[in-house]
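These notes are about the structure you will find just below.
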Amino acid sequence: MFLIRKMIALLLILTLFGCGAAVDRKNQAKSHFTLGLSHMQNGSPTLALKELLQAVKFDSSDAQIHAALAQAYQVKKAFMQAEQHYLRALKLSDDDPRYQNNLAALYVDMEQWDKALDYFGRASKNLLFMRTEVALTGIGYAHFRKGDYPAAISAYQEARAIAPGYAPISLRLGEVFAAMGQDGVARKEFEKALQQSPNYAEAHYRLGLVLLREKQLQQAAERFRQVVELSAESEWGQKSAGVLQTLP
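Okay, so the sequence shown: first residue is 1 according to the working numbering, each after it adds one.
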């Protein structure tokens, strides 16, 4: 009887030790995860990646860690690794629509339009997704890049019905109309995007292009200068600076 009690006590100690070790690993993972998110928010994806790789070593069963790690890889254009971790996050989270949307955005970066449409579609149809307009805007953009302008406009209009104040919808509609040669309609959409989000650098840039085509050089130049002021190092800032160099 004494031996049995001793064995039970030993098993209890080992169990408690194992639980304590597991809790410690969870805490370590949380600490690295939090630091990784902080680095991402501060625009340091390399430091974020370092922390998130540590986090996933301590806890490989946390969907949030895999999703954050995927985002860090995506920013660094390591698309295959990003895809792997988004898919893992989806499996661990029972297809969380946020991760479906994020994976679709990755496929946009990879220019895999059909896969993007698939996952944006899944997110948009998921009743638990709180940003349906974002997924619908993604659907529109994927159709636009495939050259299907009517389908793009339809998706954007569906998104606008849900969230009329969401500026990217106006921007993307303007982009479609500009591609169709309807600069007057495009201009109105870009202006609407800027009413909704006055510091929207891409909207200023695209409006500037329309104004250039309409021979309104002074107004166009003002738009490009605005982009440089807002975001000189961004893609739109650099493009705007290039255009300004060509203007009289």
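Idealized CB from N, CA, C, for every residue including glycine.
Remember, predicted model here, so these are calculated numbers, not experimental data.
Pairwise C-alpha distance: residue j and residue i
i	j	result
residue 118	residue 104	8 angstroms
residue 124	residue 113	16 angstroms
residue 145	residue 218	31 angstroms
residue 197	residue 24	44 angstroms
residue 208	residue 224	6 angstroms
residue 138	residue 116	8 angstroms
residue 157	residue 173	8 angstroms
residue 227	residue 171	15 angstroms
residue 29	residue 98	21 angstroms
residue 89	residue 155	27 angstroms
residue 149	residue 175	10 angstroms
residue 36	residue 111	27 angstroms
residue 282	residue 183	No statement about residue 282 is possible, as the shown extent of the chain runs from 1 to 248 and does not include it.
residue 179	residue 189	13 angstroms
residue 242	residue 210	16 angstroms
residue 21	residue 86	Summary for residue 21: the model assigns pLDDT 49, below 50, so the residue's position carries little reliability, and this model does not support an answer.
residue 84	residue 57	16 angstroms
residue 199	residue 106	25 angstroms
residue 206	residue 143	19 angstroms
Exposure of residue i, with buried meaning 16 or more beta-carbon neighbours within 10 Å
i	result
residue 94	exposed
residue 102	buried
residue 235	exposed
residue 41	exposed
residue 51	buried
residue 38	exposed
residue 238	exposed
residue 152	buried
residue 133	buried
residue 233	exposed
residue 128	exposed
residue 168	buried
Nearest neighbour of residue i, chosen from the options [CA to CA]
i	options	result
residue 108	186, 204 and 82	82
residue 221	200, 202, 246 and 199	246
residue 91	60, 106 and 114	60
residue 121	135, 111 and 112	135
residue 177	141, 201 and 87	141
residue 214	186, 77, 199 and 52	186
residue 131	66, 72, 165 and 88	165
residue 31	55, 62 and 48	55
residue 43	84, 66, 72 and 63	72
residue 47	169, 75, 26 and 62	75
residue 45	78, 26 and 188	78
residue 96	126, 80, 216 and 70	126
residue 212	240, 200, 230 and 231	240
residue 202	229, 216 and 180	229
residue 69	168, 33 and 143	33
Could you say if the region 157-164 and the region 179-195 meet the contact criterion of at least three C-beta pairs nearer than 8 angstroms?
no
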